Amino acid sequence: MPKKIVIQVQISCEKCRSKALKIAAETDGVNSIAIEGDNKDKLVVIGDGIDSATLTCTLRKKLGFATIVTVQDEKPKDKKPEPLPVCIPSICYPYPPTCQELVVCDPNPSPCSIL
1 MPKKIVIQVQ
11 ISCEKCRSKA
21 LKIAAETDGV
31 NSIAIEGDNK
41 DKLVVIGDGI
51 DSATLTCTLR
61 KKLGFATIVT
71 VQDEKPKDKK
81 PEPLPVCIPS
91 ICYPYPPTCQ
101 ELVVCDPNPS
111 PCSIL
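full-length UniProt numbering numbers the first residue of the sequence shown as 1 and each following residue consecutively.
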């Protein structure tokens with residue numbers, strides 16, 4: 001299940017912001033990255049199988065200050081199931097039964113009519 005990790009990072013310039021995004025993007029299992037917050041100081045990483053502690057330590061080494069704010073499971077957006085189209089069954093009448101002809105004849109017709 002994908003997790004949403006919010007990390008507060010010290011971002012003072014454009015170079016620091018691009019460096020933080022690059023570090024987060026190189027982490028295995030990341031699906032999306034965003035920067036949020038009033039001061040644009042929170043890095044939001046969404047992905048599956050991300051180690052939040054390792055990511056935070058890597059950001060600390062490169063940028064100097066990083067703190068995990070929240071780690072929570074990302075809830076999938078509720079998709080309403082599309083209603084299936086109503087199928088109206090077609091009316092199909094069967095064929096009428098066929099009539100079979102039955103021919104009756106004598107097995108040994110004799111040519112002699114006097115008997």
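Heads up, the beta-carbon is just placed ideally off N, CA and C, and yes, glycines get one too. What you are looking at is a predicted structure, and each value in this text was computed from that prediction instead of being measured.
Would you mind working out which of the options sits nearest residue i, comparing C-alpha positions?
i: Asn31; options: Val45, Ser18, Ile23, Ala20; result: Val45
i: Glu36; options: Val104, Gly49, Val103, Lys4; result: Lys4
i: Ser18; options: Pro2, Leu59, Asp51; result: Leu59
i: Asp41; options: Val103, Leu55, Val104, Ile11; result: Ile11
i: Ile7; options: Lys15, Met1, Cys57; result: Cys57
i: Gln72; options: Pro85, Asp48, Val104, Val103; result: Asp48
Can you tell me whether residue i is buried or exposed? The criterion is at least 16 other CB atoms within 10 Å of its CB, across all chains shown.
i: Thr70; result: exposed
i: Thr27; result: buried
i: Ala25; result: exposed
i: Ala53; result: exposed
i: Leu43; result: buried
Looking at the unbroken beta strand (DSSP E) that takes in residue i, where does it start and where does it end?
i: Ser18; result: No beta strand (DSSP E) holds Ser18; the alpha helix (DSSP H) holding it covers 14-26.
i: Thr98; result: Where Thr98 is concerned, there is no enclosing beta strand (DSSP E), given that its DSSP letter is neither H nor E.
i: Val71; result: 66-73
What is the C-beta distance between residue i and residue j, in whole angstroms, given that I count them as a contact (C-beta under 8 Å)?
i: Lys62; j: Ile23; result: 6 Å
State the DSSP-derived secondary structure class of residue i, mapped to helix, strand or coil.
i: Lys3; result: strand
i: Ser52; result: helix
i: Lys40; result: coil
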